[in-house]
Structures are given as C-alpha cells and as structure tokens.
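What follows is a single structure, written as structure tokens, with notes after it.
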Amino acid sequence: MKHDPLTDEVLALSLSEIAALSARATRGAGRNWGEAEEAAEAACWLARAGLDWAGALLEVLQHPAPQTDCALRIGIALADAAALSSPTRNAHLATSSPCFLLPFVARAADQTGQKIRLTVADTQVVLAPGACPLIIGPICISRQARVTITTDQHDSPPCPAWPQTHHGAIRATEYAQLTQLMMAFTVPTSAHSQAGAGAQEDDND
Numbered sequence: 001m002k003h004d005p006l007t008d009e010v011l012a013l014s015l016s017e018i019a020a021l022s023a024r025a026t027r028g029a030g031r032n033w034g035e036a037e038e039a040a041e042a043a044c045w046l047a048r049a050g051l052d053w054a055g056a057l058l059e060v061l062q063h064p065a066p067q068t069d070c071a072l073r074i075g076i077a078l079a080d081a082a083a084l085s086s087p088t089r090n091a092h093l094a095t096s097s098p099c100f101l102l103p104f105v106a107r108a109a110d111q112t113g114q115k116i117r118l119t120v121a122d123t124q125v126v127l128a129p130g131a132c133p134l135i136i137g138p139i140c141i142s143r144q145a146r147v148t149i150t151t152d153q154h155d156s157p158p159c160p161a162w163p164q165t166h167h168g169a170i171r172a173t174e175y176a177q178l179t180q181l182m183m184a185f186t187v188p189t190s191a192h193s194q195a196g197a198g199a200q201e202d203d204n205d
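Residues 1 to 205 (the working numbering) make up the sequence shown, in order.
Below you can see the structure in the form of structure tokens.
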C-alpha cells in the first residue's frame, strides 16, 4: 500500500502493522527495545478498544525520553508494580498523555483482579479485568494532565463489550510522522551494508 504524506486521508492498518510501526517508531525516538515492545502492545490495546492509538503514541514520542511525566514509563512502572502483587490504592501523577496510560492500568487490573478507576479532569475510566474500558466523559489525548488512579469502589455500570473490529485508522500525516521516526532506526544503505550481496560472489565451500 502506498501512503501519500501530503494528504490527510485516513489509512487503515492491521493490528500487526500497528505493532510493527509502533515498535520501530518508538525505537527511532530513542527508546530501548523493551519500551518499544511495550509501546507496540499498548497501541494495539488502544486500537482494539476503539481509541486513537496513533495520536496517543505520537503524544508520547514527541517528548524527550528522560521526562518524568512520560506516560510510557509511568505505565510500565504501574504494570510492573501490579505484577509484583503490589495493590493499587491511590496514585496521583502528572502525565503528558493520559490516554496512553489506559493499556497499562488495564494490565494492572488483570494482574490484581481488581477494578481500577482512572480520573482525568471531568473524565473517568473504569478498567475491569479482561474488559473493554468504560469511559465516562471525553477522553483527552494531547495535553498535560493530573491523573488519579484508585481501586474502584463505586457501583459502576457494566463495562461495554469489546468492539468486533479494531480501530486501525490513522491519518496520513500521523503515518508520515511515525514513519519518519521509524527511519531514524533504519540502517541506511551503504557500500559496507551491501558488501557480499547478490549472486556475483562465489559461495562454494
């Protein structure tokens, strides 16, 4: 498929394409392989939930990695704590991309068997083990925000069913931005990289 970065047409990617693009773009943004794999998994979770995975990922990657408000690093820490059976009580933090925290909070819910509520301004998101997120209010992608994460003690409505198909949509401009990041990780063609390539070499033992 050819992508025209000069238009803002909407493209549709499969989950495997989302994972590959997200991982390589994250590496191109200077993150390590572990973070790249986590970012790819998070992007696919957002796509399965019908959310704007591309916008959320770009919001994370446009900030330098050392920032303490990086949603990717905060999310990994939250999920790791849950994996160590540390119960989620009250967490108050600032992040540049609240939406990108959702996959990691969902993983914490899975690992602890608890419903967890994430609150950002006027929006609340309830994440139950194995369930699609219940979003009450507008979901914010692109702004610095204070986030509160607590175990859910409310009588919340049941979580919605997972969409039958994932949300693979991405604008061509977003695709171009992620591709540009990805190319920073790609080794450029050189005489050294091409040495020995082709059929002109004798490969007899």
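We treat Cβ as the ideally placed atom computed from N, Cα and C, and that holds for glycine. Please read these numbers as outputs of a predicted model, since none were measured by experiment.
- By the neighbour-count criterion, in which 16 or more other beta carbons inside 10 Å mark a residue as buried, residue 35 falls on the buried side.
- A residue is called buried once 16 or more other Cβ atoms fall within 10 Å of its Cβ, and residue 94, having fewer, is exposed.
- Judged by DSSP secondary structure, residue 144 falls outside any alpha helix (DSSP H); it is assigned neither H nor E.
- Judged by beta-carbon spacing, residue 76 lies within the 8 Å limit of residue 38, meaning their Cβ atoms are closer than that value.
- Bridge partners of residue 94 according to DSSP: 146.
- The Cβ atoms of residue 134 and residue 159 lie closer than 8 Å to each other.
- The residues 96, in chain order, have a CB closer than 6 Å to that of residue 63 in the same chain once the five nearest residues on each side in sequence are set aside.
- Distance between residue 173 and residue 50, taken at the CA atoms: about 20 Å.
- For residue 128, the closest of 116, 138 and 120 by C-alpha to C-alpha distance is 116.
- Boundaries of the alpha helix (DSSP H) harbouring residue 78: 71-83, taken from the DSSP string.
- Relative to residue 131, the option among 144, 168, 45 and 92 whose CA is nearest is 45.
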